[in-house]
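Beneath this line is the structure, given in structure tokens, with notes to follow.
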Amino acid sequence: MSDSNTGGGANSSTAVAVAEEPEETATIDIEALEREGDIAADYIEGLLDIADFDGDIDMDVEGDRALVSVVGATLKELIGERGEVLEALQELTRLAVHRTTGTRSRLMLDIGGYRESRRKVLRKLGTEVANEVKRTGRAKELNPMTPFERKVVHDAVAAAGLHSESEGEEPSRYVVVYPVD
1 MSDSNTGGGA NSSTAVAVAE EPEETATIDI EALEREGDIA ADYIEGLLDI ADFDGDIDMD
61 VEGDRALVSV VGATLKELIG ERGEVLEALQ ELTRLAVHRT TGTRSRLMLD IGGYRESRRK
121 VLRKLGTEVA NEVKRTGRAK ELNPMTPFER KVVHDAVAAA GLHSESEGEE PSRYVVVYPV
181 D
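Each step along the sequence shown adds one to the number in full-length UniProt numbering, with nothing skipped, and position 18 is 18.
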């Protein structure tokens, strides 16, 4: 802080400590995430009933987000090609949660285990591309991906010790993996 601060040294220190305190003590509100999951589960259950789909709904908290999973035998229509229907349902569910809670939700929706199986494939892809970039020393562009898919690849690339960035505009946004400088 500057010596010309008119607020005085002791008060300035107190203000800084108070300003920094929320960041230092930030914790995950499990109850709020469970409430988001419950709201989302009710919303998805209503959609399944309207569309006459059978499915069981599981709710969990994973990290800093609620995770709602729909499991059942006939859910491919709810996933769509490359997960487009699933992405749309997730956004609608997030909006339903926001409408009820007033806060933006980072809820993750999975249907029929699609996201989990996709996550495994994408982790492998991210690791393989990172190894290729390490070997060749040349950046590599990947095919366009959804935000979920890009996040998984970015995490795998980072775990391999490299840097990646998303480029382009939706829906053609893609990941570029860069060699170490």
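We put the CB at the ideal spot given by N, CA and C, even for glycine. These numbers come from a predicted model, not from an experiment.
Does the distance from the CB of residue i to the CB of residue j come in under 8 Å?
| i | j | result |
| --- | --- | --- |
| GLU61 | GLU34 | The sequence given here has Val at residue 61, not Glu. Taking 8 Å as the Cβ cut-off, VAL61 and GLU34 qualify as a contacting pair. |
| ALA156 | GLY126 | yes |
| ALA41 | ILE28 | no |
| LEU162 | TYR174 | no |
| VAL180 | GLU141 | no |
| GLY83 | ARG119 | no |
| GLY55 | LEU75 | yes |
Any idea what DSSP makes of residue i, helix, strand or coil?
| i | result |
| --- | --- |
| SER166 | strand |
| SER117 | helix |
| ILE57 | strand |
| LEU86 | helix |
| ALA111 | Contrary to the premise, residue 111 reads as Ile rather than Ala in this sequence. It is a strand residue. |
| ALA156 | helix |
| VAL177 | strand |
| LEU122 | helix |
| ARG67 | First, the residue type needs correcting, since residue 67 is Leu and not Arg in the sequence shown. It is a strand residue. |
Give every residue of the same chain whose Cβ lies closer than 7 Å to the Cβ of residue i, excluding the five residues on either side of it in the sequence, and list them in chain order.
| i | result |
| --- | --- |
| ILE79 | VAL85, LEU86, ILE111, GLY112, TYR114 |
| PRO171 | PRO144 |
Identify, in the order they occur along the chain, each residue of the same chain with its Cβ nearer than 8 Å to the Cβ of residue i, setting aside the five sequence neighbours on each side.
| i | result |
| --- | --- |
| LEU89 | ILE44, LEU47, LEU78, LEU109, ILE111 |
| ALA160 | GLY126, THR127, ALA130, ASN131, LYS134 |
Suppose the cutoff is 6 Å on Cβ atoms and the five residues either side in sequence are ignored; what does the same chain contact list for residue i look like?
| i | result |
| --- | --- |
| ARG106 | ARG65 |
| GLU165 | VAL176 |
Report whether the distance from the Cβ of residue i to the nearest heavy atom of the ligand GTP is below 7 Å.
| i | result |
| --- | --- |
| VAL85 | In the structure on display, the ligand GTP does not appear, and there are no ligands present to speak of. |
Any beta-carbon of chain C closer than 8 Å to the one on residue i?
| i | result |
| --- | --- |
| LEU89 | No chain C appears in the structure shown, which is made up of a single protein chain. |
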